[in-house]
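*Asks:* I'd like to ask some things about the structure below.
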Amino acid sequence: MKKLKKNRLSARQIVDIGILGAITVVLGLTPLGFVPIGPLNATTMHIPVLIAAFIDGPVVGGFVGLIFGLSSLFNAITRPTPISFVFYNPLISILPRVLLGILAYYLFRALNRVDGKHLRRIALVAWIAAMIFLAWGIYRDIATSTFGAGFVLNILFLILSAGLLYLIYKSESKSASVVLSAFIATVIHSAMVMGGIYLFFAERFVSAMGAPTDIVNVVIFGTIITSGVPEGILAGIVSTGVVSGWSMSKKN
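Just so you know, my numbering puts 113 at position 99 of the sequence shown, and the rest follows in order with no gaps.
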């Protein structure tokens, strides 16, 4: 009986699934689900999945990932675009999102076992590179006199990144673990989605995007970089801020 109880979700975990799952759905239905990062754009819908995994573990992360996947499938059906057909396949719309929540937790746990000093050095280098990426986006906007929402967001993200850079430098290895696992898990998630598209819909997907079918590999695998990198940076910024705040509140 004791073993059975340990495997059950606690009331707090169920509440967290509901809250983070609801945030994921809202992000998918509003412009907040797609924001500019550096010179590129990034989705934010995967971030609640990462936060769930870091705070509550792989089961909660997997459940929030399931909600993300179902939301993605629902959006593809109810608000179709030329490439929505790829998300009708649950192996693309749902499975990678569930695996994201599980993978993120185990990456986080593995990185927490690495020597703190070495981990912080790696995280600091990665974080400085992310800040340069954000600064590049700001410079591009200034050079083209584009001072819209993207310009403001990139400045805010850069300021937040500077604060988190100090936190990573001063804190224990946990903050560094969040940054690195959020970034790595996000890029792997992008690779899983695009890999599924390549496997099932390669030429049809590229045609729907208006690109020649003879550059299938360039379009699909290039998207892993152009989507995965900015989304990983955004995930690192937000996840580190939320998880650090949550950890501090637990100590008080």
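All C-beta atoms in this analysis are idealised placements derived from N, C-alpha and C, irrespective of residue type, glycine included.
If we count the other Cβ atoms within 10 Å of its Cβ and call it buried at 16 or more, is Asp30 buried or exposed?
*Replies:* Looking at its Cβ environment, which holds 16 or more other Cβ atoms inside 10 Å, Asp30 is buried.
*Asks:* Are the beta-carbon atoms belonging to Val257 and Phe68 less than 9 angstroms from one another?
*Replies:* Their beta carbons are under 9 angstroms apart, which means Val257 touches Phe68 by this criterion.
*Asks:* I'd like the ranges of any alpha helix (DSSP H) spanning at least 4 consecutive residues and lying wholly in the region 77 to 130.
*Replies:* Counting whole runs of 4 or more residues, the region 77 to 130 contains the alpha helix (DSSP H) stretches 104 to 107 and 109 to 126.
*Asks:* Ends of the alpha helix (DSSP H) at Gly162?
*Replies:* Looking at the DSSP string, Gly162 is not in any alpha helix (DSSP H), and its letter there is neither H nor E.
*Asks:* Out of Pro96, Thr95 and Met59, state which residue places its alpha-carbon closest to the alpha-carbon of Leu84.
*Replies:* Checked all of Pro96, Thr95 and Met59; the closest Cα to Leu84 is Met59.
*Asks:* Answer yes or no: do Gly250 and Leu170 have a C-beta to C-beta separation smaller than 9 angstroms?
*Replies:* It is not a contact, given that the beta carbons lie outside the stated cut-off.
*Asks:* Keeping to the same chain, check which residues put their C-beta closer than 8 angstroms to that of Phe161; ignore five residues upstream and five downstream.
*Replies:* The answer, listed in chain order, is Asp155.
*Asks:* For a quick check, are the C-beta atoms of Glu245 and Thr95 less than 9 angstroms apart?
*Replies:* Their beta carbons are not under 9 angstroms apart, which means Glu245 does not touch Thr95 by this criterion.
*Asks:* Tell me whether Thr57 sits in a helix, a strand or coil according to DSSP, three-state version.
*Replies:* Three-state DSSP puts Thr57 in a strand.
*Asks:* Between His132 and Leu117, what straight-line distance do the alpha-carbon atoms span, to the nearest angstrom?
*Replies:* So the alpha carbons of these two residues sit roughly 22 angstroms apart.
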